[in-house]
Amino acid sequence: MTLADGVWHQIFSFENYGELLALVRNSLIAGAALGLVGGLAGVFVIMRDLPFAVHGISELSFAGASAALLLGVNIAGGSIVGSLLAAGVIGVLGARARDRNSVIGIIMPFGLGLGVLFLALYKGRAANKFGLLTGQIVAVDTPQMTWLLGTSAVVLLALAIMWRPLTFASADPDVAEARGVPVRALSFAFMIVLGLAVALSVQIVGALLVLSLLVTPAAAAARVTASPVLLPLLSVVFAVLSIEGGILLALGGSIPISPYVTTISFTIYAVCRLAGSYRTQRWGASRTAPRAA
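Residues in the sequence shown are numbered from 2 upward in steps of one, following our numbering.
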């Protein structure tokens, strides 16, 4: 077997695939819930220019999960605690974009440093450490899935309640505040919801690549539509395709799930960007074309 064949076999090997498929039932269910949450929350991440905040929250979520792993307690709970702490700090101290980015720039290395410290102290399986950074495919057991589905339900309910005022406040905060919309309260509430969404994503794709579910699908959808109905719908579809496709492909290989998820997510974005550019060029050409007399 050549080196190329060996690498290809590691990436795509579907021996006994049917038997392995039964091992990821929980992961597929959790992935569908995560795609729904990530796709909807991602719409506001793009509208409110918060991709950097997602990355900052994920670092402290990683620290919380690492601490939970070291202490032998629920990892999902530790991830949620870390995310909520980061989201709360960013929400309270980062009202303006400049202040927010400064706070995130401080939180990120702190969270990453804590996470690395906790993992260095942990003497258990190396796969557990690696999974917190790059995601795990068959590690979603029934208790963890209960946490994931319960938290997903909370996030979806919160988004449903605040969807209309949050959309208004995200599109034009000054006018929304003049109309009596509680812009500051909504901003803080969304940061908490975003913290929960990040904690969910870290459980599947790992802390390093959480942007692929909370930013890329919504950014791809925004390239092809500005419709308030189609945008969240396409964002959810793209997120679900990324996570479910990543799980199914990773099952046939021997490398972590995150490269598959990020590759699918990026491919969708690239296609949408090209489609959006082509549509814009055609629309511009049709406007400048001379009309028949």
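Idealized CB from N, CA, C, for every residue including glycine. All values reported here derive from a predicted model rather than from experimental measurement.
(request) Return the Cβ separation of I265 and S28 in integer angstroms, given the expectation that the two are a contact with Cβ distance under 8 Å. (result) 15 Å between Cβ atoms; not a contact.
(message) Give me, in chain order, the residues of the same chain whose beta-carbon lies closer than 6 Å to that of P174; leave out the 5 immediate sequence neighbours on both sides.
(response) Scanning its chain for C-beta atoms nearer than 6 Å, with the 5 sequence neighbours on each side dropped, one finds around P174 the residues V184, in chain order.
(request) Work out the CA separation of S213 and L235 for me, nearest whole Å. (result) Roughly 15 Å between the two C-alpha positions.
(message) Using the three-state DSSP reduction, which class does P229 fall into: helix, strand or coil?
(response) P229: coil per DSSP, three-state reduction.
(message) Cutting at 7 Å between CB atoms, please list the residues of its own chain near V182, excluding the five before and the five after it.
(response) Within the same chain, V182 has close Cβ partners P166, F169, A170.
(message) On the criterion of 16 or more Cβ atoms from any shown chain inside 10 Å, does L133 qualify as buried, or is it exposed?
(response) So L133 ends up on the buried side.
(request) Decide yes or no for the touch test of the region 108-126 against the region 67-78: beta carbon pairs closer than 8 Å, at least 3 of them. (result) Cβ pair count under 8 Å is three or more, so yes.
(message) Using a 10 Å radius around the Cβ and a threshold of 16 neighbouring Cβ atoms, would you call L275 buried or exposed?
(response) Under this definition L275 is an exposed residue.
(request) Look at the Cβ atom of L160, then the Cβ atom of A88, and state whether they are nearer than 7 Å. (result) Not closer than 7 Å, so no.
(message) Quick check on Y279: buried or exposed, where buried means 16 or more other Cβ atoms within 10 Å of its Cβ?
(response) With fewer than 16 other Cβ atoms inside 10 Å of its own Cβ, Y279 counts as exposed.
(request) Look at the alpha carbon of F191 and the alpha carbon of V46, and state the distance between them as a whole number of angstroms. (result) The C-alpha of F191 lies about 10 Å from the C-alpha of V46.
(message) In this structure, how does DSSP classify Y123 when only helix, strand and coil are distinguished?
(response) Y123 sits in coil when the DSSP states are folded into three classes, being neither helix nor strand.
(message) For a minimum of 4 consecutive residues, which ranges assigned as the alpha helix (DSSP H) are wholly contained in the region 138-213?
(response) You should have 143-172, 174-179, 184-206.
(message) Tell me the DSSP secondary structure of G83 in three-state form.
(response) Note: G83 maps to helix in three-state DSSP.
(request) Give me the Cα-Cα distance between R224 and A271, rounded to the nearest whole angstrom. (result) The alpha-carbon separation between R224 and A271 amounts to approximately 10 Å.
(request) Have a look at Y261 and A240 and give me their C-alpha separation to the nearest angstrom. (result) Going by the C-alpha atoms only, they are around 13 Å apart.
(message) So L37 and L157 are supposed to be a Cβ contact under 8 Å. How far apart are they, rounded?
(response) Right, their Cβ atoms sit about 7 Å apart.
(request) Alpha carbon to alpha carbon, how far is I193 from V82? Give it in angstroms, no decimals. (result) V82 and I193: Cα-Cα distance of roughly 11 Å.
(message) In this structure, how does DSSP classify I256 when only helix, strand and coil are distinguished?
(response) DSSP, reduced to helix, strand and coil, places I256 outside both helices and strands of the structure shown, so it counts as coil.
(request) Just confirm the distance between the C-beta atoms of A200 and S62, as a whole number of angstroms; I'd bet it's less than 8 Å. (result) Confirmed, Cβ separation roughly 5 Å.
(message) Using C-beta distances below 6 Å, list every residue in its chain close to G112, excluding the 5 sequence neighbours before and after it, in chain order.
(response) Excluding sequence neighbours, G112 sits near E60, L61, A64.
(request) Using 10 angstroms around the beta-carbon of V93, count the other beta-carbons present and answer buried if the total reaches 16, otherwise exposed. (result) It is exposed - the Cβ of V93 has fewer than 16 other Cβ atoms within 10 Å.
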